[in-house]
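Peer 1:
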Amino acid sequence: DSGVTQTPKHLITATGQRVTLRCSPRSGDLSVYWYQQSLDQGLQFLIQYYNGEERAKGNILERFSAQQFPDLHSELNLSSLELGDSALYFCASSVGPDSYNEQFFGPGTRLTVL
Amino acid sequence: QKEVEQDPGPLSVPEGAIVSLNCTYSNSAFQYFMWYRQYSRKGPELLMYTYSSGNKEDGRFTAQVDKSSKYISLFIRDSQPSDSATYLCAMSVNAGKSTFGDGTTLTVKP
Numbered sequence: 101d102s103g104v105t106q107t108p109k110h111l112i113t114a115t116g117q118r119v120t121l122r123c124s125p126r127s128g129d130l131s132v133y134w135y136q137q138s139l140d141q142g143l144q145f146l147i148q149y150y151n152g153e154e155r156a157k158g159n160i161l162e163r164f165s166a167q168q169f170p171d172l173h174s175e176l177n178l179s180s181l182e183l184g185d186s187a188l189y190f191c192a193s194s195v196g197p198d199s200y201n202e203q204f205f206g207p208g209t210r211l212t213v214l
Numbered sequence: 051q052k053e054v055e056q057d058p059g060p061l062s063v064p065e066g067a068i069v070s071l072n073c074t075y076s077n078s079a080f081q082y083f084m085w086y087r088q089y090s091r092k093g094p095e096l097l098m099y100t101y102s103s104g105n106k107e108d109g110r111f112t113a114q115v116d117k118s119s120k121y122i123s124l125f126i127r128d129s130q131p132s133d134s135a136t137y138l139c140a141m142s143v144n145a146g147k148s149t150f151g152d153g154t155t156l157t158v159k160p
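Chain order of the listed sequences is B and Z. When we follow our numbering, the leftmost residue of the first sequence carries the number 101, and every step to the right adds one. When we follow our numbering, the leftmost residue of the second sequence carries the number 51, and every step to the right adds one.
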C-alpha cells in the first residue's frame with residue numbers, strides 16, 4: 101500500500117458526461133501528479149500540482165482540468181467525455197516539487213466511457 | 051517518433067536468468083532516469099533512480115545510463131517469479147514532467 105488513495109476505483113459513464121476523480125496524497129507529500137494509462141498510449145503525464153499551485157503540465161486536454169485543495173487532496177475533472185478517454189487514471193504524490201523525487205502511485209481509477 | 055522508446059517485449063525467461071530491459075531516448079536534456087515496476091492492476095512503484103550517466107546497483111537490480119548513446123538499461127540478476135511484472139522506464143529534464151516508455155512485460159517461469 102503506497103499510502104495514496106484514489107476514488108472511485110471504477111467509473112462507468114456515457115459519452116458527453118462529466119466525471120470527477122479524487123486523490124489523497126501520502127501524509128506529508130506536497131506534490132500530486134495525474135497520469136493517464138491506456139493500452140495504445142502507455143503512461144502519459146497529465147499535470148502536477150505542488151502545494152496548491154500548478155507546477156507542470158503535460159498532454160492534458162482542454163476538456164480536462166485539475167486542482168489541488170488546501171488540504172492537499174486533488175481532483176481531476178474530465179468533461180465532454182469521449183470513448184477514447186476510457187483508461188486507467190493514476191494519481192501519484194511526492195514530498196518535493198521535482199519529478200525525480202520518488203513518486204508513490206495510487207491504485208488508479210478505471211474509467212469506462214460507453 | 052516518441053521521445054522515449056522501450057523494447058516492447060514481452061519477455062519470458064526461466065527462473066534464475068539474467069534479464070536485460072532497455073530504453074532509448076531522443077531528448078539529450080534528460081538528466082534523471084527512473085525504472086518503475088507495475089504489477090497487474092496496480093500502480094507503478096519506483097525501483098531505481100539514476101542521475102546522469104553511470105551505474106547504480108540495488109540488490110539484484112542494476113541500472114545503467116549511457117547518455118552519449120541515449121540508452122538506459124535495467125538488469126535483473128537471478129530473476130524470480132515475483133519479478134513478473136511490467137517494467138517502465140521514465141526520464142525527466144528536471145521538475146514536473148516525466149516521460150515514460152510504453153513498458154516491457156516480463157514473465158519469469160519457475
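Don't be surprised by glycine CBs; every beta carbon is placed ideally from N, CA and C. The model shown is predicted, which means the values in this text are computed figures rather than measured ones.
Using the beta-carbon of each residue, which ones in chain Z are nearer than 7 Å to P207 (chain B)?
Peer 2: K92, G93
Peer 1: Can you pull the chain Z neighbours of L190 (chain B), defined as C-beta to C-beta under 9 Å?
Peer 2: According to the sequence provided, residue 190 (chain B) is Phe. The question's Leu does not apply to it. Simply G93, P94.
Peer 1: Looking at the structure shown, is G184 (chain B) part of a helix, part of a strand, or coil, going by DSSP?
Peer 2: helix
Peer 1: V132 (chain B) and S193 (chain B) - do their beta-carbons sit closer together than 7 Å?
Peer 2: V132 (chain B) sits close to S193 (chain B), with the two beta carbons spaced by under 7 Å.
Peer 1: If we cut at 7 Å on Cβ distances, does D152 (chain Z) have a partner in chain B?
Peer 2: yes
Peer 1: Along the chain, where does the beta strand (DSSP E) that runs through S142 (chain Z) open and close?
Peer 2: 135-142
Peer 1: Once you ignore the five residues that flank L176 (chain B) on each side, which residues in its own chain have a CB closer than 6 Å to its CB?
Peer 2: L121, W134, A166
Peer 1: Looking at the secondary structure, which residues open and close the beta strand (DSSP E) in which L121 (chain B) lies?
Peer 2: 119-124
Peer 1: Does the stretch 55-74 of chain Z come into contact with the stretch 201-213 of chain B, if we say contact requires no fewer than three beta-carbon pairs (one atom in each stretch) closer than 8 Å?
Peer 2: no
Peer 1: Are the CB atoms of A135 (chain Z) and R91 (chain Z) nearer to each other than 7 Å?
Peer 2: No, Cβ-Cβ distance for A135 (chain Z) and R91 (chain Z) is not below 7 Å.
Peer 1: So, D128 (chain Z) versus G142 (chain B), is the Cβ gap smaller than 7 Å?
Peer 2: no
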